[in-house]
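Have a look at the structure below before the remarks.
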Amino acid sequence: MASYPFSDIEPKWQQYWIDHHINKVEDDFSKPKYYILDMFPYPSGAGLHIGHPEGYTATDIIARYKKMKGFNVLHPMGFDAFGLPTERYSMVTGIHPALATENNINTFKRQLNLLGLGYDWSREVNTTQSSYYKWTQWMFLKIYNSWYDTDLQKARPISELPIPHHIIEPKETEAYKDEFRLAYTANIPVNWCEALGTVLANEEVDEWKDKGYTVERRPMRQWMIRITAYAQRLLQDLEIVEWPSSTKEMQKHWIGISEGAEIQFQLAEYQSEYITVFTTRPDTVFGATYIVLAPEHPLVQQITTDTFLPKVQLYIHQASTKSDLERTELSKDKTGVCTGAYAVNPATLENIPIWIADYVLAHYGTGAIMAVPGHDERDHSFAKQNDLPCIQVVKHSKNELVDILHAAFTEYGIAYNSSNDRTVQLNGLHTIDAKKKCIEWLEQHGIGKGKIQFRLRDWLFSRQRYWGEPIPIVHFPDGSRRSLDLDELPLTLPEVKEYKPAGTGESPLATVDSWINWQDQKTGKTGKLETNTMPQWAGSCWYYLRYTDPHNHDIFCSKEKEQYWMGGNPDSGGVDLYVGGSEHAVLHLLYARFWHKFLFDYQLVSTKEPFARLFHQGLILGEDGRKMSKSLGNVVNPDDIVKLYGADSLRLFEMFMGPLEATKPWAAKGVEGVNRFLNRAWRLIVTEDGQLSQFIKKNYVHNPEHEYILHTTIKKIGEDIETLGFNTAISQMMIFVNEFTALEYKSLEAMNSFVRLLAPFAPHIAEELWSILGNTTSIFTHDWPLYDESKCIQSTVEIVVQVNSKIKARISVSADATEEKLETLALAEELVKKNLEGLTIRKKIIVPGKLVNFIAN
RNA sequence: GCCCGGGUGGCGAAAUGGCAGACGCACAGGACUUAAAAUCCUGAGUAUGGCAACGUACGUGCGGGUUCGAGUCCCGCCCCGGGCACCA
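Going by our numbering, the first residue of the first sequence is number 846, and it counts up by one from there.
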């Protein structure tokens, strides 16, 4: 028996959908909306892999289902096309990245269409098109031209920044503003390779090191975005989104709030200078026996005494050549050197030595710590290695013995050894109260303050690359600069012949004189354009907004369309469902949330959060249970599967493999299984010669048992789609087909219902069956079938009879049987009688519709 | 080390505290066929008793607990996957 003709059906209906604009999305504000979104792909040269259709099919099913339920559904697709792989390809081949990107996108679109995914391509977004990145640039400049008002907890125009009265000079005013801008430049260590004359991305570092190149961390001027200003809100608003708890946890940890205090330690030699440290345990200040600065700390050079200078300088150099990983890998052996300088412990008033060590991170807190070896594990091991004093200042709260010379005691307890008549008395206080009292004392004496510290760092926003959005800022010889206005955007990339970096640490753009030399129309001055470009993250921070109004020339999207599609409610709105891999759990999702909140501050979007509900599809492994990779030879190509079994089978199998969120191995035989199911569904309706089966009768009445199957199938599939339980939905369809295949006659109505249930999953075969059943318009223009709740209840049910909780019999009774009736019937069973012989029934548990349990002894 | 997931037949997996293993793959037997493929029907957790109908014991990583009843809830442990990792 031949398979159903999928290779004829699939292209036919794909063409029909185009011709009849079935996937066209209208901005019909009268209908309820549903916005469902896939994380848009990076169009790599390799084309679609088997993992892509997993998430895309899931969203396609929901989109088609919601449409049949009467929603106006937005389910768009586009391409995140700026990025390093394309640029590297261009370096090797000389093919322009724009051309390579176009080719790759065409391949992707061809493959996506092959799968029957119902995207409205008229809304396609491509981050590399100037009509798109015009707005990425505009938004960046809006960030640049803003400051964060901590009182109002929102971004405001930089022009509204209060300038202190003593600042009068325009230059000083600008410098002051620059300190507050949400996008700013700073000298930040980057991965610099001298031999290559370029900055490397983190993922490139190992590759070049393996080839024998030296990569060092060197500070260079970089663009930063002050995402840390939003830390509190990014943390708080996780409460209002329906996301996987693991993803929320990861974001919480990434933002990393910790409460403590900043404390100033005066230098023993220079009374006017002090070192500020951050600590979460201000209550242990009496135990601070030395200070440690990060090697990069700005005071190091100044305070180091002549005797110690050579050693210190050597250490700083060594630390700079270590990667972050190398620094942490050596965590067991903490290295560090003494500076020869001393600071005054503000509580004990004793002089304590100042060291530098790379176990203290320059970028966290103040880059300096007070070391309390008695009550911090890291300080303890460092003190041990360097023979630094260790004293106990916290006792166990239940007076258990604590040996701080053996190991640090990090738990909360009672302050001890922590009073000084000339400073502060903490003795006897519980850690929580001691912290409070210590902070009060610090604040009263102006030597410190309570502080909430976040782990989150500002966002390194510049890249020294060609294939990214240019940063539209002009630098003038007098040191001033100007951001371009909307009417000067987009600032497009110039044509270049070479994609190699300039060799100076600047991007290839620096070599294009005609581009960087800017004759400024608005000021009449000449200047140079910024040569840094934006990171790939930039374009993906707001693409979901562009889909709502993709061709708008005047604004990135109109207010009306944004409000309609995003829902308009600040606390609950956003994309209704966002589906993508968990590899983006932190960075992309955090950057996009930040970007969205910034736009929210200017009322450019109506919701606090961009994505109301989030779901991560799982990874598909190779048949051998390992990650698919070319080198392992276990890669499955979707095109091959479509050729062999059709797109509907591929879609169905990817959904049937297991729960959407699970990591699961590919199984070639499994595709055959679902293909068999589709053939059975086909034969349920169609004869050998392609005609409607004569066993399908209009108005044919099924017995209650089959009515029950039909209606529970409708019910279950609807519920399963809502919860993304596609594997069990497909099981239910299989049960339906198995049961109805066994029947001689089938009602036309039942078949019409079933085919509509199948349609979101396997749209091509469903359209064909729908038309064979005599329908003349696309199945997707029809409503989702309704079920009759009364028919989802079985008239007779099987009841389990237990004696002492062990199953002894099964009885078939009418569903509404009373407890008395159940008991009588249960007791009548032979095996039940036998097992109860000689025993007294102590207790009866009767659960109608489920079981009868006799407890006897 | 810390924070999340997860552990159920030969395999992918199902199961509001109430019949463990639905559905599918693979397998075995049968029908159709000259034959094979395809298709259709039947069977099957493991062990065990019985010619058989059927029965018995055990069974959801391991050990305990709650409950008439636990894959599901609680406590402790082991293993696998993911994330973070000197964040003071």
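Here a beta-carbon is modelled for each residue, glycine too, at the ideal position from N, C-alpha and C. Note that the coordinates shown come from a computational prediction; the quantities given were computed from them, not determined experimentally.
query: Which ranges does the beta strand (DSSP E) cover as unbroken runs of at least 3 residues, wholly within the stretch 1301 to 1381, from first to last along the chain?; result: 1318 to 1320, 1326 to 1328, 1362 to 1364 and 1371 to 1374
query: Expressed to the nearest angstrom, what Euclidean distance is found between the alpha-carbon atoms of glycine 1470 and leucine 1477?; result: 11 angstroms
query: Does the stretch 1017 to 1027 touch the stretch 988 to 998, meaning 3 or more C-beta pairs lie closer than 8 angstroms?; result: yes
query: Looking at C-beta atoms only, is the number of pairs between the stretch 1139 to 1150 and the stretch 1302 to 1314 that lie closer than 8 angstroms three or more?; result: no
query: What alpha helix (DSSP H) runs, 4 residues minimum, are completely inside the stretch 1552 to 1613?; result: 1571 to 1586 and 1593 to 1603
query: Quick check on the DSSP output: the beta strand (DSSP E) that includes alanine 1139 runs from which residue to which?; result: No beta strand (DSSP E) holds alanine 1139; DSSP gives it neither H nor E.
query: Following the continuous beta strand (DSSP E) through leucine 919, name the residue where it begins and the one where it ends.; result: 917 to 919
query: In the DSSP assignment, what are the bridge partners of glutamate 1104?; result: Ile1297
query: Which first and last residues belong to the alpha helix (DSSP H) in which isoleucine 1486 is found?; result: 1483 to 1490
query: Over the uninterrupted alpha helix (DSSP H) stretch that includes glycine 900, give me the two end residues.; result: 897 to 913
query: Between the Cα of valine 1060 and those of Leu1206, Ile1008 and Asn1047, spot the shortest distance and give me the residue it belongs to.; result: Asn1047
query: I want to know whether the stretch 1345 to 1352 touches the stretch 1279 to 1292 - three or more CB-CB distances under 8 angstroms.; result: no
query: By the 10 Å Cβ neighbour count, where 16 or more other Cβ atoms means buried, how is valine 1487 classified, buried or exposed?; result: buried
query: Could you pull out every residue in the same chain whose Cβ sits closer than 7 angstroms to the Cβ of valine 1692, ignoring the five residues on either side in sequence?; result: none
query: Just the C-alpha distance for aspartate 1446 and leucine 1459, rounded to the nearest angstrom, thanks.; result: 23 angstroms
query: Check whether the stretch 1584 to 1594 touches the stretch 1545 to 1554, counting contact only when three or more Cβ pairs, one atom from each stretch, lie closer than 8 angstroms.; result: yes
query: So what's tryptophan 980 in DSSP terms, helix, strand or just coil?; result: helix
query: For lysine 1453, count the other beta carbons within 10 Å of its own beta carbon; 16 or more makes it buried, fewer makes it exposed. Which is it?; result: buried
query: Just to check my reading of the structure: tryptophan 1099 and valine 1519 have Cβ atoms closer than 8 angstroms, yes? What is that Cβ distance to the nearest angstrom?; result: Tryptophan 1099 to valine 1519, Cβ: 39 angstroms. No contact.
query: Report, in whole angstroms, the separation of the C-beta atoms of isoleucine 1013 and tyrosine 1021, which I expect to be a contact under 8 angstroms.; result: Not quite, the Cβ-Cβ distance comes to about 11 angstroms (not below 8 angstroms), so this is no contact.
query: Just reading off the alpha helix (DSSP H) that threonine 1276 is part of, what are its end residues?; result: 1276 to 1289
query: How many angstroms separate the CA atom of lysine 1591 from the CA atom of isoleucine 1656?; result: 30 angstroms
query: For the ligand MG, is there any heavy atom lying closer than 7 angstroms to the beta carbon of threonine 1134?; result: Among the ligands in the structure shown, none appear at all, so the ligand MG cannot be discussed.
query: Assign glutamate 1222 to one of two classes, buried (16 or more other C-beta atoms within 10 Å of its C-beta) or exposed (fewer than that).; result: exposed
query: Rounded to whole angstroms, what is the Cα-Cα separation between methionine 936 and tyrosine 964?; result: 33 angstroms
query: Short check: CB of leucine 1667 to CB of alanine 1607, under 8 angstroms?; result: no
query: Would asparagine 948 be called buried (16 or more neighbouring beta carbons within 10 Å of its own) or exposed?; result: exposed
query: What number of angstroms, rounded off, separates the C-alpha of leucine 1175 from the C-alpha of lysine 1156?; result: Model confidence at leucine 1175 stands at a pLDDT of 48, short of 50, so the residue's coordinates are unreliable; what they give is reported in the following sentence. Those two C-alpha atoms are separated by around 20 angstroms.
query: I believe proline 898 touches leucine 1603 by the beta-carbon criterion, under 8 angstroms. Please report the beta-carbon distance rounded to the nearest angstrom.; result: Wrong, their Cβ atoms sit about 18 angstroms apart, outside the cutoff.
query: If you drop the 5 nearest sequence neighbours on each side, which residues of the same chain put their C-beta closer than 6 angstroms to that of proline 1191?; result: Ile1292
query: Which ranges does the beta strand (DSSP E) cover as unbroken runs of at least 3 residues, wholly within the stretch 1194 to 1235, from first to last along the chain?; result: 1196 to 1202 and 1213 to 1216
query: Quick one: grab the DSSP three-state call for glutamate 1643.; result: strand
query: What residue does the alpha helix (DSSP H) around arginine 1528 start on, and which one ends it?; result: 1513 to 1530
query: If you draw a straight line from the alpha carbon of proline 942 to that of isoleucine 1161, how long is it in whole angstroms?; result: 40 angstroms
query: Leaving out five residues before and five after glycine 1258 in sequence, what residues of the same chain have Cβ atoms less than 7 angstroms from its Cβ?; result: Val1239, Lys1240, His1241, Ser1242 and Thr1276
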